[in-house]
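One structure is given below, encoded as structure tokens.
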Amino acid sequence: MMQGLKEMAKGMTIALTITIALLAGASIAAILPRHNHADRNSRAKAEATLEPIASLPQHPAIFAYFNASAASSYRDPYRQIERYGDNLEQVLIEAINNANTSIDIAVQELSLPLVAQALVQKQTQGVQVRLILENKYNRSWASYSRAELEDLDYFQRRKYLDYAAFVDQNHDRHLSQSELDQRDALQILANGQINWIDDTADGSAGSGLMHHKFVVVDNQTVILGSANFSLSGTHGDFTSPDSVGNANGLIQIENETIAQLFTQEFNYMWGDGPGGKLDSRFGIHKPVRSSVNVMVGDAEVVVKFSPNRRATDWLDTSNGLIYRAIARAQSSVNIAMYVFTEPKIGNLLEELDQQAIEIGVLVDSSFAYREYAATLDMWGFASTQDCKHGNQRPWANPSNRVGVPNLATGDRLHHKFAVIDRQITIIGSHNWSNAANYNNDETLVLIKHPTVAAHFQREFDRLIRDAKFGPTAKLKRKSQRSCPT
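Structure, rendered in structure tokens:
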């Protein structure tokens, strides 16, 4: 543990040194580690032996994509690394390129330059392009002052350093305007006069989070899922050759009714667009809407948008919809989640576990061991969420199928999905938390079809294959098995 702390401190020191050196005009190439020829040869050999497994059939109107799928491979367009996975950026670009009339995008972060370039190109062809971002991601790193950069925390600093290395293509002493015009997505959008707003367009300081990740094209095509439109959300961190990106998935649905639902959600937030009245509606200021069921061919799709007002009956909220779907499980519930803190769903899973229904839960390592995580209940401890809400229910028989996946350093389990009975898939931007339920702008979609579920079950099987189960020794020492009295 002490060695780990030393390594983190060393990393923070190096990161700060690089940031200050960069601001002082030092060469990024001289500071960042170089890869020797042995590394290149080893990687080239690994690339030459990529052999994707057999792909699964897709539903004719609902397509599933995963950036770490073993059933496909592609060349990372920025690092020029051949790797397994679906190219999520290309999925977005192809949908954009097929647009004839309109493109609406609501996404927390957009920093992929090829996506930005595709949007600009379509707008020059007369296609209407509208974009909504989370306010915390509505500013280019290039605009930060030296004082602001030096004040960044460890994780923000790493994000900035990755950005700087990505943009500085010739590894000289500064980020030139030409490089910004090619690699800074927000600069590309601004140059192309793309209209966009963020969640301060209602006159507030911003909603909980504008956490959506969806695209609507020509009122017919909808792309949604857990992936932000960023390097870390798709391909991987630019300065980390081993990174394959946060584990994410996207769903593409071809259906006019589904598209209308997402366009309505977009329009509430958009109002009259940038520079107009303060009539955008984010968070709980949007109208109250129940979930909507739509048949897409032979698949039933349920669409629900968050947040919900706290006065709403809990079972009618987004978390309540998840609960009701899981409560009907007959054989299995497998979950891959970035954040899972909702105790009612955790309690339900214990009841199903006691009925011999197979339960599997994977949560990102940055959240699984926190004192408020639902995983604590499943390992037999009382989480602070339990104690806070009088919901003390540590599992009597702790699960041995609850843990964290084994991912490349820096990559996160960013999924927000569950597969029920290998028939029903829950997906979206919605983490299973109070913040997602009551504060954030979120998407939640249930798809009832075995063909779609098979893709998510395969992704879960991939992630759980070498997962680490159970609490850490540190967690065992510090956690409580009952709430303080």
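FYI, the numbering for the sequence shown is -12 to 472, going by the numbering used here. Every residue, glycine too, gets a C-beta built ideally from N, C-alpha and C.
For the beta strand (DSSP E) containing PHE269, name the first residue and the last one. Counting along the chain, PHE269 falls outside any beta strand (DSSP E), and DSSP gives it neither H nor E.
Quick check: the Cα distance between ARG27 and ASN424, rounded to an integer number of angstroms? Reliability of the predicted coordinates at ARG27 is poor, the pLDDT of 47 falling under 50, and no value is obtained from them.
Check ILE313 in the structure and name its three-state DSSP category. Collapsing the DSSP output to three states places ILE313 in a helix.
Would you say ARG399 and ASP453 are within 7 angstroms of each other, going by their C-beta atoms? ARG399 is not a Cβ neighbour of ASP453, given a cutoff of 7 angstroms.
Which listed residue (MET365, GLN247, GLN174, ALA151) has its alpha carbon closest to that of SER203: According to the sequence as given, residue 203 is Val; it is not Ser. It is GLN247.
Length of the line joining the Cα atoms of TYR131 and HIS402: Taking the straight line joining both Cα atoms gives about 30 angstroms.
Limits of the beta strand (DSSP E) - the one that ASN280 falls within: Where ASN280 is concerned, the enclosing beta strand (DSSP E) starts and stops at 279 to 283.
Along the beta strand (DSSP E) that carries ASP185, what are the first and last residues, could you check? First-last of the beta strand (DSSP E) with ASP185: 182 to 185.
What is the rounded straight-line gap between the Cα of THR328 and the Cα of GLY415? Whole-angstrom Cα-Cα distance: 17 angstroms.
State the Cα-Cα distance for the pair ASP340 and ALA134, rounded to the nearest angstrom. Approximately 53 angstroms between the Cα atoms of the pair.
What is the DSSP secondary structure of TRP366, counted as helix, strand or coil? Coil, per DSSP.
When the Cα atoms are used, what is the spatial distance from PHE269 to ILE80? Approximately 27 angstroms between the Cα atoms of the pair.
Close-in-space but distant-in-sequence residues of the same chain around ALA316 (CB under 8 angstroms, 5 per side omitted): Closer than 8 angstroms at Cβ, skipping near neighbours: LEU339, ILE344, ILE407, ASP408.
Which same chain residues, not among the five before or five after GLU76, have their C-beta less than 8 angstroms away from its C-beta? Taken in chain order, the residues that qualify are PRO64, LEU99, LEU101, VAL102, PHE216, THR221, HIS222.
Suppose the cutoff is 8 angstroms on Cβ atoms and the five residues either side in sequence are ignored; what does the same chain contact list for THR371 look like? Closer than 8 angstroms at Cβ, skipping near neighbours: GLU358, TYR359.
Less than 6 angstroms between C-beta atoms, sequence neighbours within five positions excluded: which residues of the same chain meet that for THR362? Within the same chain, Cβ atoms closer than 6 angstroms to the Cβ of THR362 are found at VAL350, ALA355, VAL389, the five residues on either side in sequence being excluded.
What residue ranges within the segment 393 to 442 form continuous alpha helix (DSSP H) runs of no fewer than 4 residues, ordered along the chain? DSSP runs (the alpha helix (DSSP H)) wholly in the segment 393 to 442: 421 to 425.
Go ahead and pull the three-state DSSP assignment for ASN321. Of the three classes helix, strand and coil, the one that applies to ASN321 here is strand, per DSSP.
Take the Cβ of ASN74 as the centre, count every other Cβ of all protein chains shown within 10 Å, and call the residue buried at 16 or more, exposed below. Around the CB of ASN74, 16 or more other CB atoms lie within 10 Å, so the residue is classed as buried.
May I ask which residues mark the beginning and end of the beta strand (DSSP E) holding ASP91? Annotation: the continuous beta strand (DSSP E) that includes ASP91 extends over 89 to 94.
Using 10 angstroms around the beta-carbon of MET282, count the other beta-carbons present and answer buried if the total reaches 16, otherwise exposed. Looking at its Cβ environment, which holds fewer than 16 other Cβ atoms inside 10 Å, MET282 is exposed.
Within 10 angstroms of its Cβ, does LYS455 collect 16 or more other Cβ (buried), or is it exposed? Flag for LYS455 reads exposed.
Among ASN384, THR430, ALA188, whose alpha-carbon lies nearest the alpha-carbon of ARG276? Nearest of ASN384, THR430, ALA188 to ARG276, Cα basis: THR430.
What's the C-alpha gap between ILE313 and SER213? When rounded, the distance between both Cα atoms is 20 angstroms.
Run the CB neighbour count on ALA11, radius 10 Å, all protein chains shown included, and call it buried at 16 or more, exposed below. With a pLDDT of only 41 at ALA11, under 50, the local geometry of the prediction cannot be trusted, and no value is derived from it.
Throw me the rounded Cβ distance for the VAL114 and ALA151 pair, which I believe falls under 8 angstroms. No, VAL114 and ALA151 are not in contact; Cβ-Cβ is about 32 angstroms, not under 8 angstroms.
Is TYR52 buried or exposed, if buried means 16 or more other CB atoms sit within 10 Å of its CB? Counting the other Cβ atoms within 10 Å of the Cβ of TYR52 gives 16 or more, which makes it buried.
Here's the rule I'm using: 16 or more other beta-carbon atoms within 10 Å means buried, otherwise exposed. How should LYS461 be labelled? It counts as exposed.
Please state whether the Cβ-Cβ distance between ILE271 and LEU237 is less than 7 angstroms. Result no, Cβ atoms of ILE271 and LEU237 do not sit closer than 7 angstroms.
What does a CB cutoff of less than 6 angstroms around ASP91 pick up in its chain, not counting 5 residues either side in sequence? Within the same chain, ASP91 has close Cβ partners ARG117, VAL203, PHE253.
Please report the straight-line C-alpha distance between ARG311 and ALA172, rounded to a whole angstrom. Roughly 40 angstroms between the two C-alpha positions.
Would you mind sorting ASP189 into buried or exposed? The rule is 16 or more other CB atoms within 10 Å of its CB. Result: buried.
For ARG66, the nearest candidate out of TRP128, ASP224, SER469, SER420 (CA to CA): Among TRP128, ASP224, SER469, SER420, the Cα nearest to that of ARG66 belongs to ASP224.
Does the ligand NAD have even one heavy atom less than 6 angstroms from the beta-carbon of ASP155? In terms of ligand content, the structure shown is empty, and the ligand NAD therefore cannot be addressed.
PHE142: which of GLY397, VAL439, ALA440, GLU166 sits nearest, CA to CA? For PHE142, the nearest C-alpha among the options comes from GLY397.
Sequence-distant residues of the same chain with beta carbon closer than 6 angstroms to ALA405, five excluded per side: Cβ within range, chain order: ILE322, ILE413.
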